[in-house]
Amino acid sequence: ENRPALNQGAHEVRVRYDDAGNYTQTDYFAADGSAVRDEQWGAASVRIGRDARGNATEVRLFDERGQPTIGTAGYSWYKVTYDARDRAVEHAYFDANGAPIALKKSGAAITREVYDTRGQLATVRHFDETGARVLNANGAFRFDTERDARGNPITTRYFDVAERPVLTKSGY
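Structure follows, in structure tokens:
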């Protein structure tokens, strides 16, 4: 049909890397060379900031004019905090003006993660834009996961904002 092939709504995808080989930016373009939003991110440009160890510390989304934009997940940018073992211990989401914003899918603006002695994710807690405890979209503030000797999850427990056991919207 003589139409350009598209990948997630873009004809051309350009990717950039830093000196260490870490992915740092993706830009999406239409066949005429103009910037276009891709379908996955809902942004024309995705830029990733990294710390000295190469961890992705922030992801920022931009529109066709290079301005901050709200993407398909409901945020403009997010930052990730890592512990000394390079494990993500907090994710915080923001709008285009830098104000905290709750995600459409989870209902949380901040998630905090705790790991067990083997480095496996053990606990996740959800918070709103003010830092107050909040139920996620599944109806739980916190969930704890126990694992067997091989690291396989064997038990997950869900709790409300008062740390009481809760039946989630998923039925468990």
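Read the sequence shown against the working numbering and you will find it ends at 1472, with the numbers running on by one and no gaps.
C-beta: ideal position from N, C-alpha, C; glycine also.
Residue Arg-1457 holds the alpha-carbon nearest to the alpha-carbon of Ala-1422 among Val-1313, Arg-1316, Arg-1457 and Ser-1470.
In the three-state reduction of the DSSP assignment, Ser-1345 falls in the strand class, which pools E and B. The beta-carbon distance between Asp-1318 and Thr-1326, rounded to whole angstroms, is 13 Å. This is too long to meet the 8 Å contact definition. Proximity of the segment 1398-1408 to the segment 1347-1365 falls short of the contact definition, fewer than three beta-carbon pairs being nearer than 8 Å. Note on geometry: alpha-carbon atoms of Glu-1463 and Ala-1330 lie some 50 Å from one another. When rounded, the separation of the alpha-carbon atoms in Ala-1440 and Leu-1467 is 8 Å. Looking only at Glu-1339, Val-1359, Tyr-1378 and Tyr-1375, the smallest Cα-Cα distance to Val-1346 is reached by Val-1359. One Cα belongs to Asn-1322, the other to Gly-1354, and the distance between them is close to 7 Å. If you ignore the 5 residues before and after Thr-1369, its C-beta comes within less than 7 Å of the C-beta of Ala-1343, Leu-1361, Phe-1362, Asp-1363, Ser-1376 and Ala-1396, all in its own chain and listed in chain order.
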